[in-house]
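A.B. asks: Structure below; questions to follow.
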Amino acid sequence: MQKVCFLMLTYRCNLNCIYCYQKYKTSQNMTLETAKSVVSREVQLARESNNKDGVRFNLFGGEPLLKFDLIKELCTWIWDTITDVKVDIFITTNGTLLDDEKKDWFKAHKEKLNLVMSVDGKDDVQECNRGCHSSELPINWVLDTMPHRFLSMTVPRKSLSKFADELIYFHEQGYHIEAKPAQGEDWQKGDGKLYEEQLNRIADYYLSHPGVNPINLFKKASYLHLLNNEPNEKYGKTCGAVDELVAYDVEGRLFPCHHFLPNVNGKTDILDYLNTIDFSDFSRFVDDECMKCDILKLCRTCCARNFNERGDVSRRDRRTCQIMLAEAKVVSSYQIRKYMQNKDNLNSQELLNLKAAIKCYQVCCDFEKKFYATE
C-alpha cells in the first residue's frame, strides 16, 4: 500500500472558507531544506520496507501555490534525484493563484503531477463557501491540460440542500470530482434526512448514467465486514493515521495526520499528548457509548477532530450519527439496486457484495427506527 505524506508548505491562505478546520493560521512557511529532509526520510523508509507502491506526497497548505517557488524547486529535486522509489506528487489548490506562469510550469510537467482543485459548486455556492466565483477559476484549463486531475467538493451544512444539484452539474460538465461533508459542522435535527434525500438523488443519477464515474462514497464502499462476527473493538479506528498516512508541519515535525497539526488545534505541545497514544490499539479510539452502538462498524470518525473538539481521540461527535446513517443506508441501497440490474450474471464476489449490502441496509433500517424515536 502506498504511504501518504502531507507536507505543509505554508500555513498561509488567501481565502477564508466558512468550514476551514485550520483555525490557527500563521505566516509560517516550510523551507526547501526542511522539505528535502522530509522527502528523503520517507523515501528511505520506503526503501527499507521494500514498499513497491512507494510514497505519495501531498503538497498542502494553507494555499500551497503561495509557495510556488518551493514547489518548483522541490519537485525538480525529486525528479532529478529519486529514481529507485515510486513517488507520486499531489498538489491541492483553491485555483485562484493559477496565473499564466504557473499554468506554463504545470503544463510542462503535467505527466509527473496530480493537480487537485477545490471547488464547491456554481458561483452562488462557491461565493457562499469560499468567497470567490467558480466561473473565474481555470477549471476548464485544468480539465483540458492536466491528465491527472480532479475537483474536490466540500459540503457544509449551509449548502447541503444544493449538494446533489452542484455535484450533478460538475458531472454533466465532464469533471472527475470527489465530494464529502465538511468536518466539524454543527449538524442539526433534520440534516440527516436532508442529506439522505440528496444522496438518493445522486444514487438515482448514477444508476441512470452508468458511464459517469461516481464519487468514492458510492464507488469504494464495502460492507463485507458485516458478514463476520468480529468484535466492535476492531472498528474503533477508521482512518489510516500513522499506518498509512502521516503529516509534517512547516518545521518538519512528524504528526499522525494533518488534522493534528498546531494550525488546526492551536496547541504547540500536542506531540506530548500524541506520544502517549498507542495507535495500534483500535479500542483506544471509541468510548463506551459508541462501543455498544449497532452501526459502529459503519461509522467513520476522525480521531484528530475528536481530540481537537472534545479533548480525547475516543469522544466522537454525536451530531454526525445521522450523517453516517444516511450514507450507509443510501449507498447500500444503491449497491443493491445496481447489482439487481444484472442479477442473472453476477459472479461469486458480486453475489457476496450484494449479500453484504443487503445486510447493511437491514442494519441501517433497524437502527434508524430506534435512532429517530429517541431524538
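Under UniProt numbering, the sequence shown has 116 at position 116, and the numbering climbs by one with no breaks.
Every residue gets a Cβ at the ideal spot worked out from N, C-alpha and C, and that includes glycine.
Quick caveat, the model's predicted, so the values are computed rather than measured.
Tell me the DSSP bridge mates of Met-8?
C.D. replies: Phe-60
A.B. asks: Between the stretch 238-246 and the stretch 294-303, do at least 3 Cβ pairs fall closer than 8 Å?
C.D. replies: yes
A.B. asks: Contact check, Pro-256 vs Leu-227 under 8 Å by CB: the rounded distance?
C.D. replies: Not a contact, Cβ separation roughly 30 Å.
A.B. asks: Can we count Arg-305 as close to the ligand MN, meaning its CB is less than 6 Å from some heavy atom?
C.D. replies: Inclusion of the ligand MN in the displayed structure is not the case, the ligand content being empty and no account of it being possible.
A.B. asks: Who are the near neighbours of Arg-284 in its chain, counting only those whose CB is closer than 8 Å to its CB and skipping five residues on each side?
C.D. replies: Gly-236, Lys-237, Ile-277, Asp-278, Val-313 and Ser-314
A.B. asks: Classify Trp-79: buried if its beta carbon has 16 or more other beta carbons within 10 angstroms, exposed otherwise.
C.D. replies: exposed
A.B. asks: If you count every other CB in all the chains shown that lies within 10 Å of the CB of Arg-47, and 16 or more means buried, which is it?
C.D. replies: exposed
A.B. asks: I'd like the span of the alpha helix (DSSP H) that includes Glu-178, first residue to last.
C.D. replies: Where Glu-178 is concerned, there is no enclosing alpha helix (DSSP H), although the beta strand (DSSP E) it sits in stretches over 177-181.
A.B. asks: Are there 16 or more other CB atoms within 10 angstroms of the CB of Gln-335, so buried, or fewer, so exposed?
C.D. replies: buried
A.B. asks: Where do the N-terminal and C-terminal ends of the alpha helix (DSSP H) with Tyr-248 fall, by residue?
C.D. replies: Element bounds for Tyr-248: not the alpha helix (DSSP H) but the beta strand (DSSP E), 245-248.
A.B. asks: Between the alpha carbons of Ile-295 and Asp-99, how many angstroms are there, rounded?
C.D. replies: 47 Å
A.B. asks: Could you tell me which whole beta strand (DSSP E) segments of length 3 or greater appear in the stretch 35-98?
C.D. replies: 55-60 and 87-93
A.B. asks: Taking all protein chains shown into account, decide if Cys-365 is buried (16 or more other Cβ within 10 angstroms of its Cβ) or exposed.
C.D. replies: Counting every other CB atom within 10 Å of its CB across the protein chains shown gives Cys-365 a total below 16, marking it as exposed.
A.B. asks: By DSSP, does Thr-320 sit in helix, in strand, or in coil?
C.D. replies: helix
A.B. asks: State the beta-bridge partners of Arg-149 as determined by DSSP.
C.D. replies: Its beta-bridge partners are Leu-115.
A.B. asks: My output table needs one value for Lys-3: the three-state DSSP class, helix, strand or coil.
C.D. replies: strand
A.B. asks: Label Gly-62 either buried or exposed according to how many other C-beta atoms from any shown protein chain fall within 10 Å of its C-beta, with 16 as the threshold for buried.
C.D. replies: buried
A.B. asks: Quick check on the DSSP output: what are the complete alpha helix (DSSP H) runs of length 4 or more inside the stretch 234-285, in order along the chain?
C.D. replies: 262-265 and 270-274
A.B. asks: Use the C-beta contact count for Ala-221: other C-beta atoms within 10 angstroms, 16 or more gives buried, fewer gives exposed.
C.D. replies: Ala-221 comes out buried.
A.B. asks: Do Asn-140 and Ser-118 have their CB atoms nearer than 7 Å?
C.D. replies: no
A.B. asks: How long is the line joining the alpha carbons of Val-55 and Lys-3, rounded to whole angstroms?
C.D. replies: 5 Å
A.B. asks: According to DSSP, what are the bridge partners of Asn-29?
C.D. replies: Thr-10
A.B. asks: Decide if Asn-345 is buried, meaning its Cβ has at least 16 other Cβ atoms within 10 Å, or exposed.
C.D. replies: exposed
A.B. asks: Are Ala-357 and Tyr-223 touching if we call contact CB-CB under 7 Å?
C.D. replies: yes
A.B. asks: Looking at the structure shown, is Val-331 part of a helix, part of a strand, or coil, going by DSSP?
C.D. replies: In the structure shown, Val-331 sits in a helix (DSSP, three-state: H, G or I).
A.B. asks: Among Phe-68, Asp-120 and Val-330, which one has its Cα closest to the Cα of Gln-198?
C.D. replies: Per the Cα distances, Val-330.
A.B. asks: Would you kindly check if the distance between the Cβ of Phe-57 and the Cβ of Cys-5 is under 7 Å?
C.D. replies: yes
A.B. asks: Are the beta-carbon atoms of Met-153 and Asp-120 separated by less than 7 Å?
C.D. replies: yes
A.B. asks: In whole angstroms, what separates the C-alpha of His-109 from that of Val-250?
C.D. replies: 25 Å
A.B. asks: What would DSSP say about Val-212, mapped onto helix, strand or coil?
C.D. replies: coil
A.B. asks: Under a three-way DSSP split, which group does Val-155 fall into?
C.D. replies: strand
A.B. asks: Assign Gln-322 to one of two classes, buried (16 or more other C-beta atoms within 10 Å of its C-beta) or exposed (fewer than that).
C.D. replies: buried
A.B. asks: Looking only at its own chain, which residues have a Cβ that is under 7 Å from the Cβ of Glu-350, when we skip the five neighbours before and after it?
C.D. replies: Excluding residues within five positions, the ones whose Cβ falls inside 7 Å are Tyr-339.
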